[in-house]
Amino acid sequence: MLTAHDRTTISDLIALHGHLVDAGHLDRLHTLFTPDIAYDVTDLGGAVLEGLDALRQAALALGAGNPVAHHVTNIVLTEVSGTDVRALSKGLGVNTDGTCGSVTYEDTVVMTDSGWRISRRKVQARRVPLNNA
């Protein structure tokens, strides 16, 4: 069963992503993700990036196209097992020209020897109200 400490730690992990990426600390991605992270940005026109190096290289290749600010909110955690959690959250990216975009993050968070880490992230763009309901 997820403890209050687990919930706080996982929420902090998800929030820390924006701080590290916005500050350019790509050398610290291992504190967020498992070494074999599958980071799915196909909904944004990219690919499924596999591994920390692929994630780092994609961020560097995007260069000035990266948002200048990543904000995360509305974190909902669902325990799948004692070592596996599904995390759903909302993301807001602010671009250099001031435009913004909204995404939903669907994360699988697992307990590792180093603590909780994201092993899979699917980034889904939100471009229409009510998801076309």
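Under numbering that gives the first Met the number 0, think of the first position of the sequence shown as 0, with each following residue one higher.
Where is the CB? At the ideal position from N, CA and C, for every residue including glycine.
query, result
"Straight-line gap, C99 to L48 (C-alpha atoms, nearest Å)", "23 Å"
"Beta-carbon separation (whole angstroms), L76 vs I9, contact threshold 8 Å", "6 Å"
"Secondary structure of N131, DSSP reduced to three states", "helix"
"Whole-angstrom distance between A3 and D52, CA atom to CA atom", "32 Å"
"Beta carbon of T95 nearer than 7 Å to that of V67", "yes"
"Where R116 sits in the DSSP three-state scheme", "strand"
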